[in-house]
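**Q** Residue numbers (the working numbering): 1 to 100.
Glycine included, each C-beta is placed from N, C-alpha and C at the ideal position.
Pasting a structure below so you can have a look.
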């Protein structure tokens with residue numbers, strides 16, 4: 001079970017996941033659809049379904065995507081928890097630095 005909210009300690013995992021251009025591309029593809037399978041996403045990219053599944057697992061670990069089963073398929077959707085935690089961290093740092 002994945003946590004509903006990730007803390008500031010996990011923000012580095014979000015930044016690490018987002019550092020990979022393929023993962024950012026997957027997030028962009030998912031943002032344009034309610035949900036998609038790894039196979040459907042792989043069909044739109046020049047990589048295998050297995051590679052997409054590995055990238056999705058990394059994104060899921062840092063709360064950037066969620067998965068749900070629909071019959072025999074596993075569907076992935078964008079999740080905002082990871083981005084919210086990273087944005088909160090950036091805002092808190094910016095606020096602190098600007099106050100100096």
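1) So, with DSSP's three-state summary, where would you put residue 1?
2) For a quick check, are the C-beta atoms of residue 73 and residue 37 less than 7 angstroms apart?
3) Just the Cα atoms here: how many angstroms apart are residue 69 and residue 40?
4) Under DSSP, the alpha helix (DSSP H) around residue 35 begins and ends at which residues?
5) Compare the C-alpha of residue 22 against each of 53, 10, 34 and name the closest.
**A** On the basis of the supplied data:
1) Legend: pLDDT at residue 1 = 36, less than 50; position of this residue unreliable, no value from coordinates given.
2) yes
3) 15 angstroms
4) No alpha helix (DSSP H) contains residue 35, which DSSP labels as neither H nor E.
5) 53
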